[in-house]
Structures are given as C-alpha cells and as structure tokens.
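Reading through the structure tokens given below for one structure.
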Amino acid sequence: MNLKAIRILFLKDLFLSRRFLFAYFLAGMAASAIACYPDATVSFIGFILILTVAIAAGIHFIGNLLLSETIDQTRLFIMSLPVSLLDYSIGKISVVLTTYLIPWSAMLACTVICTSLLPWAKQGSMVTLPAIFLFLFSSFMLQLVTAVITESVGWTICVMVGGNVGLNIFLMKLFAIPEIAEISKGDILRWPPVIHQIHGVELLVIAIALGLTVMVQTRKRDLT
Amino acid sequence: MNTVLATPTDNQLAASLSHVSKTYKHFKLQDLSFSLERGTVAGLIGPNGAGKSTTMRILMGLVHPNSGTVQVLGQPISSSQASAKQDIGYYSEDMRLYKPESILWHMQFVRSLYPSWDDAYARELLDRFGLIEQQAIKGLSHGQRVKAMLLLILARRPKFLILDEPTNGLDPVAKHEVLTELMRVVEDPDRTILYSSHNTADIEKICDSITFIDRGRLIASDNRDSFLEQWKRIKLHAPETWQTPSIRGLRLESTFHQLRILSLSHFRDEIPAELQSSGATIEAIDPMSLEEIFVSSVMRGREGEGS
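As they're listed, the protein sequences go chains A and B. Using the working numbering, the letters of the first sequence correspond one by one to residues 16 to 239. Using the working numbering, the letters of the second sequence correspond one by one to residues 719 to 1025.
Written as structure tokens, this is what we have:
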C-alpha cells in the first residue's frame, strides 16, 4: 500500500468535488437552520430539506466520484499511473465517505446545536435525530456497495429509490413506537433501550456495507 | 503460433509474455507468447477486435490473464504493477483526462506521482505541440487532447512506452508531430516502445519489429526488414489446369483466366525456377507493402483456423 499515492488520489478527488461539496455543506446548514424554526410548517419543510440534501449528496458523490470515472474513461488514465488497485480503492472509498460525511455531520451537528440552544425547541425531539441520520448514512452505504459491485448507475439508482421508500417506512415505524413518540414531544431528552437497538442495527448495516465495499473493490482483478 | 521476436537474455528484454490467455464472454486471447528487446520499437498490428488493446492492458497489469506469465522491465507485472508503472508510459485511445481541468493541472497532478518528471522537457513539449498550459481539456481538439496525453506520458521519461493506437483520428500534421516526437524518444537506446495500430504505414515508418495479431492469436512476428524482404507478390501465367505447387508460404491470392497472383511469405532465390518448372511463366516478382503482408497473413491465419 502506497500512502503517498492514496493521499494524492484522495486530494485530487476532493479538489474535483470542491464546488459541490461546498454547495451541499451550505445547503445542509441552511436546511438544518430552517428545521429549527419555531413554526411547525417551516420546521417540517426544513426537515424534508435535510433528507433531500443528504439523499442528493449521497447519489451525487457516488455518481460523480465513483461511477463517472468509468463512464468518462478517466479511470484508465488514473490506473495508468503508479497506483495499485488497493491504493485506488482506498483513496476512492475514503473520498466518497468524506465528501458525504462532511454535509451529513454538519447537518447533524447544526440540528443538535440548534435544538439544544433554541428556547422554543423541544429537547426530547433529539431522541430520533441519531437514528434518522444513521438511517440516511446506512442507506448511502448500501448505494456505495451497490455502485462498487455493479458499477452501474441504474442499479445504484434502484437502491437509492429503495432507500427513500425505506426511509418513509422507517420514519412511520419510528414515530409509532409509543416511548419514542412520547419523548420526542417532551422537553426532557431520554434514551430508551429501543433506540439503542435501532442504532445498533443501523451501525451493523453500515459496518457490513463498508466491509463488503472494501472487500469487493480490493478483490477486483481487472482494473478497467 | 508462438513466435519469439528475439532470444536475448532476460535483462535485455523490456517485456515478455509467455503462454498468456484471457477469456471474455465473446473474446479469447489465446496462448500468446512474444518478447520485446530493450531499445526497440515494436509494432502490434491487428484488425479491430484482434486483441491488441487487451494485450497492452495485460502488459500494463490492468487486466490479469487467466494463464501465462508477464514480465515487464524485469519484474512480474502481476505482483509489482504499481512500482513497474513508474517506468511505463501507457496511452490508450480509450483514455480521457478530466475535462474541466487544465493541462497545467494535469501536469502538476502527474508530477506529484513521478519523481522522474522532467519539467523542462514538459515545457519543451508544450511548445513543440503548440499547447497552452492554462487551456481546459474540454476546449481541446482531438489532436490536442492526444498531444496533451503524450506530453503527460513523455515528460516522466518512461523506459517503456505502451501506445495503443496513438495516431488514430489525427490529422496528417498532428500525426507527423506525434511520430517525430516518438522518433526522438527512441534515440535513447534504453527506451522501448510497443505501438499498436491498424495503420500499417505508421508502423512501417517507426517500428523495428512487427507482430500481427488476429482474433486473439499471434499470427506472425518478425523484424520489419525480414517481413519486407521475405514477402513477395508473384504474377505468373499458367494453364488453367495448373495446380499451385507445394512451396512453403506460397498462397494463391487471385486468378484471372491464365493470370495468377500469388503471395509468398518465405522467398528464396530458387523459387522462381521451381515455379517455371511447374509449367508457369513468371511475369513479375514484386515486393509487398506491409499492409498487403498484414492482410495476407490474416487471411492465411483464418484459413488455418478453418481447416
């Protein structure tokens, strides 16, 4: 493994996606700020915007950094340079995760900070935030593993659509849990055991998807 | 057929493939063996879909063969691909640069990966190729794009250049500029070029040795002068009942009444007499162009497959 090559590939991709990264970061911060507005309708719009930014950033970075290299035929150029498939794969997976996690963590942090600081915000509503953000991240990881295995825009979009449908079902089921519904409407933040179980499942999905992504990508023998 | 271009020692070889096979769904590269001596320019000629690009990608370590061994610059490419690529420059017509970025950005990016990058030479190439370093790739013509790509390859001073159809689609002036630069490169006796094309005129101009490939098989491999000396076109008159004599490498290409046109792959001084004694009257024995040799080799190879 050549750390210098990985760093150069990582920085190259980060540079190439700098404008979109900045745009998603700003959009995410704005969406989070809107979500914390005291008016329920505006706040709901903000929440929908958070989901939209997270979903759009995920599919955009996977498409732009991973799939487009094959479509635009720039991958052959990169692979003609002194980098191994392992270097390429580690650089690529790291940069896709980084670019996604920057707006993702900015939105999570902004929402948590706003909810904690703003006098009108219900502290209990924070109980669902990590679960929702982890669901978005696990959905992104499933898209990433699909993109790596299939190298197909079509299949990746199918998984994205599945993730969006799944998100609606997840939100419905999450707020249907009496304990969660009760805490999220109140002013006191508590973490019931059920939310830990949900986090556990989500983290497991993320870990499996990440493991699969690294395993599949590093086992590929033909580089083009 | 497995032909070895030369039999030098391993450290005199820039690359060697031994019994290499690669199977895809609709294509098979079959038992390919050949080697390239250091300091030579080798041409790989084949029709579209012959396996030229696959062979070159195998040499680069980009595609792994199902069987066989590949050595490049003294190292097995399968295990030392990344380090070997420090000394290999690879161009493919399927390769693209990042459209929004400039030539300068690409130069800086490639330089960061190559300690051997020669900035002065890169500037010289910019000038010779008439490229503007601030220009974005998306604004370049096909010829400029090819030249930009070659600049990025040549400025790192690779010992081994693998060029997959570099002059495809270039206008005559751009083609001349590219070929002239490649000829400058091979003035250094330590640098080797493997050059693929289906344009035999380019190959004839710059290559020392030539390998023909068709349908995933190597069909002939020799040095350029041997090809041109040994292959002849023979025009003769013979009675309609005349049968083509069994002479090694002799093939009937066409018949028009009593006129026969034959191609011969292994010319010897005794052959005209042998043909005369078979009842034919020789009208002319002409040299064949590389293109004619290539087409005849391919047809012979396909006939051999069918029989």
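Yeah, the Cβ is synthetic: ideal placement off N, Cα and C, and Gly gets one too.
- Taking CB atoms only, B:Arg829 has no neighbour in chain A less than 8 angstroms away.
- Around the Cβ of B:Asp920, a 10 Å sphere holds 16 or more other Cβ atoms; the residue is buried.
- Distance from the CA of B:Phe985 to the CA of B:Arg935, rounded to the nearest whole angstrom, comes to 24 angstroms.
- Between the segment 781–798 of chain B and the segment 736–753 of chain B, the count of Cβ pairs shorter than 8 angstroms is three or higher; the stretches touch.
- In this structure, A:Leu91 and B:Met813 form a Cβ contact; the two beta carbons are roughly 4 angstroms apart against a cut-off of 8 angstroms.
- Runs of alpha helix (DSSP H) with 4 or more residues, each lying fully within the segment 756–841 of chain B, are found at 770–778, 799–802 and 821–831, listed in chain order.
- When Cβ pairs closer than 8 angstroms are counted between the two stretches, the segment 91–100 of chain A is seen to touch the segment 795–810 of chain B, the count reaching three or more.
- Its chain contains Lys865, Leu869 and Glu895 as the residues whose beta carbon lies nearer than 7 angstroms to that of B:Phe847, once the 5 sequence neighbours on both sides are disregarded; these appear in chain order.
- No Cβ-Cβ contact shorter than 8 angstroms links B:Arg969 with B:Arg933.
- B:Ser834 has its alpha-carbon roughly 41 angstroms from the corresponding atom of A:Ala71.
- Contact between the segment 943–953 of chain B and the segment 764–775 of chain B is absent: fewer than three C-beta pairs spanning the two stretches fall below 8 angstroms.
- In chain order, Asp882, Glu883 and Asn886 place their CB closer than 7 angstroms to the CB of B:Glu811, counting only its own chain and leaving out the 5 sequence neighbours on each side.
- Residues of the segment 91–110 of chain A whose Cβ lies closer than 9 angstroms to any Cβ of chain B, in chain order: Leu91, Phe92, Met94, Ser95, Leu96, Pro97, Val98, Ser99, Leu100, Leu101 and Asp102.
- The alpha-carbon separation between B:Glu899 and A:Leu82 amounts to approximately 35 angstroms.
- Secondary structure of B:Val738 (DSSP, three-state): strand.
- Per DSSP, B:Lys953 is one residue of the beta strand (DSSP E) stretching across Lys950 to His955.
- In the displayed model, B:Gln748 falls within a strand according to three-state DSSP.
- The Cβ-Cβ distance between B:Val759 and B:Ile931 does not fall below 8 angstroms.
- Between the segment 225–236 of chain A and the segment 155–166 of chain A there are three or more inter-stretch CB-CB distances shorter than 8 angstroms, so the stretches are counted as touching.
- Within chain B, the residues placing a beta-carbon under 7 angstroms from that of A:Asn17 are Ala800, ordered along the chain.
- Leaving aside the five residues that flank B:Ser996 on each side, the residues in its chain whose CB is nearer than 6 angstroms to its CB run, in chain order, Pro963.
- As for any alpha helix (DSSP H) of minimum length 4 sitting wholly inside the segment 833–898 of chain B, the runs are 837–847 and 860–872, ordered along the chain.
- With fewer than 16 other CB atoms across the displayed protein chains lying within 10 angstroms of its CB, B:Tyr742 is exposed.
- Around the beta carbon of A:Trp206, fewer than 16 other beta carbons lie within 10 angstroms, which makes this residue exposed.
- Of all alpha-carbon atoms in A:Ile23, A:Arg33 and A:Ile203, the one lying nearest the alpha-carbon of A:Val142 is that of A:Ile203.
- Proximity of the segment 106–121 of chain A to the segment 32–46 of chain A meets the contact definition, three or more beta-carbon pairs being nearer than 8 angstroms.
- In this structure, DSSP gives B:Ser939 an extended state, which the three-state scheme calls strand.
- Scanning B:Asp805, B:Glu819 and B:Ile776 for the CA closest to the CA of A:Thr89 turns up B:Glu819.
- Looking from the CA of A:Pro145, the closest CA among A:Gly178, A:Ile213, A:Thr233 and A:Ile164 belongs to A:Ile213.
- Counting along the chain, no alpha helix (DSSP H) covers A:Tyr52, and no H or E run does either.
- A distance below 6 angstroms between beta-carbons, with the five flanking residues on each side excluded, links A:Leu151 to the following residues of its chain, in chain order: Ala69.
- Within the same chain, and ignoring the five residues on either side of B:Glu992 in sequence, the residues whose Cβ sits closer than 7 angstroms to its Cβ are Pro963 and Ile965.
- Boundaries of the alpha helix (DSSP H) harbouring A:Ala124: Leu100 to Leu132, taken from the DSSP string.
- Short of 8 angstroms from the beta carbon of A:Asp102, and not among the five residues preceding or following it, lie these beta carbons of its own chain, in chain order: Met16, Asn17, Ala20, Ile21 and Leu24.
- At a cut-off of 8 angstroms between beta carbons, A:Ile23 contacts chain B.
- Selection A:Ile60, A:Arg234 and A:Leu186 evaluated against A:Ile147 yields A:Leu186 as nearest (Cα-Cα).
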